[in-house]
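Student: With my numbering, letter number 272 in the sequence shown gets 262, and the count goes up by one each step, no holes.
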Amino acid sequence: MATVSFLNTSHQTINWFAEQNRLGRLTVKPPFQRRPVWTPEESAYLVDTILRGYPIPEIYIYMSPDADGGDHVYVVDGQQRLRACLEFLADGYAIKFDPRKLGQIYSLADTPWYNKRFSELSVEQKEAFRRYKLIVRDLEGVTDDHIRHMFHRLNQSTMSLNAQELRYSMYRGGLLATVERLVEREEWDTFRIFTKLQRRRMLDSEYVAELVIGYLHWPQNKKDNLDDYYRQYGPEFPFADQVTERFDFVLDYLARLFPEPRMAGTRWYRKSDFYTLFLAIARGRINVATMDSGKFRESLVDFSNRVGDSKVSEEPDSPVMVYRAAVERAATDRARRVRREDALASFVAGLLSVPAAGAEYLTAEESDSPSADQDEEDEEYLDE
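1) Could you check whether tyrosine 83 and proline 30 sit closer than 8 Å to each other, using their CB atoms as the reference points?
2) Let me confirm a value: glycine 182 is counted as buried when at least 16 other C-beta atoms fall within 10 Å, else exposed. Which label applies?
3) Within 10 angstroms of its Cβ, does serine 0 collect 16 or more other Cβ (buried), or is it exposed?
4) Identify which residue in Leu241, Lys116, Arg275, Ile49 has its Cα closest to the Cα of arginine 127.
5) Between the beta-carbon of valine 328 and the beta-carbon of serine 336, is there less than 8 Å?
6) Spatial neighbours of serine 294 within its chain, please: C-beta separation below 7 Å, excluding the five flanking residues on both sides.
7) Within the continuous alpha helix (DSSP H) that includes isoleucine 203, where are the two ends?
8) Measuring straight from C-alpha to C-alpha, what distance separates asparagine 152 and tyrosine 158?
9) How is asparagine 5 classed by DSSP in three states: helix, strand or coil?
10) Among residues of its own chain, excluding the 5 on either side of asparagine -2, which ones have a beta-carbon nearer than 6 Å to its beta-carbon?
11) Taking the alpha-carbon positions, what's the glycine 68 to glycine 43 distance?
12) So if DSSP puts methionine 53 in a beta bridge, which residue, or which two residues, is it bridged to?
13) Could you give the first and the last residue of the continuous beta strand (DSSP E) run that contains leucine 151?
14) Terminal residues of the continuous beta strand (DSSP E) containing glutamate 117?
15) Would you identify the three-state DSSP class for leucine 16, choosing helix, strand or coil?
16) Hey, could you find the ends of the beta strand (DSSP E) aspartate 377 is sitting in?
17) Just the C-alpha distance for tyrosine 52 and glutamate 117, rounded to the nearest angstrom, thanks.
18) Please report the residue range of the alpha helix (DSSP H) in which tryptophan 258 lies.
19) Measuring CA to CA, which of Leu165, Asp282, Gly93 is closest to leucine 247?
20) Mind checking valine 113: buried by the 16 CB within 10 Å criterion, or exposed?
21) What's the C-alpha gap between lysine 186 and glutamate 196?
22) Can you round the beta-carbon distance between isoleucine 4 and phenylalanine 119 to whole angstroms, since I take them to be within the 8 Å contact cut?
23) In terms of DSSP beta bridges, what is threonine 101 paired with?
24) Measure the beta-carbon distance from tryptophan 103 to leucine 36 and round it to whole angstroms, keeping in mind my assumption that it falls under 8 Å.
25) In chain order, what residues of the same chain lie with their CB nearer than 8 Å to the CB of histidine 139, ignoring the 5 residues before and after it?
26) Leaving aside the five residues before and after arginine 191 along the sequence, list all residues of the same chain whose C-beta is less than 8 Å from its C-beta, in chain order.
27) Between the alpha carbons of leucine 72 and alanine 80, how many angstroms are there, rounded?
28) Taking a contact to mean a Cβ-Cβ separation below 8 Å, would you say leucine 201 touches leucine 98 in this structure?
29) From the DSSP output, which residues share a beta bridge with serine 376?
30) Could you tell me if leucine 124 is buried or exposed, where buried requires 16 or more neighbouring beta carbons within 10 angstroms of its beta carbon?
31) So the candidates are Glu170, Trp6, Ser308, Asp323; which of them puts its Cα closest to the Cα of leucine 341?
32) Using a Cβ-Cβ cutoff of less than 6 Å, which residues in the same chain neighbour phenylalanine 78 once the five nearest sequence positions on both sides are dropped?
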């Protein structure tokens, strides 16, 4: 029986893989790999990474003798990275991607190869690309069953970096530092808004960043603009003291209002609802300084129960019905976030209908009900 080894590593240049491909001794997509899904922009960003001399993930291969007595190379993992390299060598695309991906360190002035194909690079750049060394793991003596089993195990324990985890690798100080200070407050443990997994994956930080931006710039569409604001407010964040003081006040107030876990079992511990309640108080739509806290709590419990009880039916423009319609689907859509805040503020004020208080902040398209294809649940933030 052949010896099986998953531990053999070596370095091979991009040029070596190109030569194997030219000789017909390279199979980039064996049957057990998924279809190529990278866009030209993703491929171009990889090439930019290589030209800067940064490391990229290793390539998994196995070799098998061919009819000519040579070795045929099968790419087990890394086919999209390798395909991107080979297609670039063949002038298949130019190095063009969203310049904002360059982050805070680089600019287009530091990217002389931007918007160029391989044939348009300088001699030095071409040589650097061809000679770039890939880490190659040779799976010696393996069968298809071994490979499938290996990747089954890897996929059970490996998670790709999510958007917030990537932000931590790109930004420092500024907004990021303020968010981290706020996330560490003990009230979050009482509210139990986040699962342990969500906290490990930094989704609590992403959520708090959404609250910060919503407080400063009115509610936004889910996480659409977060990267723009991280770039704008890093490393300096001029509103750090203002945000910290206001958020400390609101978190402390809500923890005293609902000292029980999960906010006494009301809907307010849910992410979409907490977003609305928190910002309505933080931005002064609900002025808690002039309110009796006991009566305010009763009002919030009553509103929560009526919104959650499908048997409750009121006028379509009543706060309960407007809020319910805006939270059931596409709850992180900007227009619905604004409408929920309008509804909650109206209910607390004792109004029988919801005025369009937030309409001035919406485009005509946002003021309309979301279309069917927008009407999706936010799976990443489903409450557990």
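The beta carbon of each residue, even a glycine, is placed where N, CA and C say it ideally should be. Nothing here was measured: the structure is a model prediction, and the numbers come from that model.
Tutor: On the basis of the coordinates in this document:
1) Mapped onto the sequence shown, residue 30 falls at position 40. Mapped onto the sequence shown, residue 83 falls at position 93. Going by C-beta atoms, proline 30 is nearer than 8 Å to tyrosine 83.
2) Here residue 182 corresponds to residue number 192 of the sequence shown, with the count starting at 1. At residue 182 the sequence reads arginine, which differs from the glycine that was named. Arginine 182 is exposed by the Cβ-count criterion.
3) Start at 1 with the first residue of the sequence shown, and residue 0 comes out as number 10. The residue in question, serine 0, is exposed, as its Cβ has fewer than 16 Cβ neighbours within 10 Å.
4) As a working mapping, residue 127 is identified with position 137 in the sequence shown. Minimum Cα distance to arginine 127 is reached at Ile49.
5) The sequence position of residue 328 within the sequence shown is 338, counting from 1. The sequence position of residue 336 within the sequence shown is 346, counting from 1. The answer is no: Cβ separation not under 8 Å.
6) Counting from 1 along the sequence shown, the entry for residue 294 is found at position 304. Cβ neighbours of serine 294 beyond the five flanking positions: Thr256, Arg257, Trp258.
7) Sequence index remark: in the sequence shown, residue 203 carries index 213 (1-based). 193 to 207 is the span of the alpha helix (DSSP H), which, as asked, contains isoleucine 203.
8) Position 162 of the sequence shown, counted from the start, is the residue given in the question as residue 152. Position 168 of the sequence shown, counted from the start, is the residue given in the question as residue 158. Rounded to the nearest angstrom, the two C-alpha atoms are 10 Å apart.
9) Mapped onto the sequence shown, residue 5 falls at position 15. If DSSP states are grouped into helix, strand and coil, asparagine 5 belongs with the helices.
10) Numbered from 1 along the sequence shown, position 8 holds the residue referred to as residue -2. Around asparagine -2: Asp128, Glu130.
11) As a first step, residue 68 is located in the sequence shown; it is residue number 78 there, counting from the start. As a first step, residue 43 is located in the sequence shown; it is residue number 53 there, counting from the start. Whole-angstrom Cα-Cα distance: 18 Å.
12) Sequence index remark: in the sequence shown, residue 53 carries index 63 (1-based). The partner list for methionine 53 (beta bridge, DSSP) reads Val63.
13) Taking the first residue of the sequence shown as position 1, residue 151 is located at position 161. Run containing leucine 151: none; DSSP gives neither H nor E here.
14) Numbered from its first residue, the sequence shown carries residue 117 at position 127. Unbroken run through glutamate 117 is the alpha helix (DSSP H), 113 to 120; no beta strand (DSSP E).
15) Numbered from its first residue, the sequence shown carries residue 16 at position 26. Looking at leucine 16 - three-state DSSP - the assignment turns out to be strand.
16) Here the chain comprises residues numbered -9 to 374, so residue 377 is not present and cannot be evaluated.
17) Along the sequence shown, one-based indexing puts residue 52 at 62. Along the sequence shown, one-based indexing puts residue 117 at 127. So the alpha carbons of these two residues sit roughly 27 Å apart.
18) For the purposes of this step, residue 258 is taken as the residue at position 268 of the sequence shown. It is not in any alpha helix (DSSP H) - tryptophan 258 carries neither H nor E in the DSSP assignment.
19) For the purposes of this step, residue 247 is taken as residue 257 along the sequence shown, with counting starting at 1. Minimum Cα distance to leucine 247 is reached at Asp282.
20) Your numbering for residue 113 matches position 123 in the sequence shown. Exposed is the call here.
21) As a first step, residue 186 is located in the sequence shown; it is residue number 196 there, counting from the start. As a first step, residue 196 is located in the sequence shown; it is residue number 206 there, counting from the start. Near 14 Å, if we compare the C-alpha coordinates of glutamate 196 and lysine 186.
22) For the purposes of this step, residue 4 is taken as residue 14 along the sequence shown, with counting starting at 1. For the purposes of this step, residue 119 is taken as residue 129 along the sequence shown, with counting starting at 1. That belief holds up - the Cβ atoms of isoleucine 4 and phenylalanine 119 are roughly 6 Å apart, short of 8 Å.
23) The residue you call residue 101 lines up with position 111 of the sequence shown. According to DSSP, which records beta bridges pairwise, threonine 101 is partnered with nothing at all.
24) Residue numbering aside, residue 103 sits at position 113 when the sequence shown is read from its first letter. Residue numbering aside, residue 36 sits at position 46 when the sequence shown is read from its first letter. The Cβ separation is near 13 Å, so there is no contact.
25) Taking the first residue of the sequence shown as position 1, residue 139 is located at position 149. No residues qualify anywhere along the chain.
26) Along the sequence shown, one-based indexing puts residue 191 at 201. These residues qualify, in order along the chain: Met149, Asn152, Gln154, Glu155.
27) In the sequence shown, residue 72 corresponds to position 82, counting from 1. In the sequence shown, residue 80 corresponds to position 90, counting from 1. Taking the straight line joining both Cα atoms gives about 13 Å.
28) For the purposes of this step, residue 201 is taken as residue 211 along the sequence shown, with counting starting at 1. For the purposes of this step, residue 98 is taken as residue 108 along the sequence shown, with counting starting at 1. Not in contact: leucine 201 and leucine 98 (Cβ atoms no closer than 8 Å).
29) Since the first residue of the chain shown is -9 and the last is 374, residue 376 is not available in this structure.
30) In the sequence shown, counting from the first residue as 1, residue 124 sits at position 134. Its Cβ being crowded by 16 or more others within 10 Å, leucine 124 is buried.
31) Translated into positions along the sequence shown, residue 341 becomes position 351. The residue with the shortest Cα to Cα distance from leucine 341 is Ser308.
32) Sequence index remark: in the sequence shown, residue 78 carries index 88 (1-based). Within the same chain, phenylalanine 78 has close Cβ partners Val37, Phe108.
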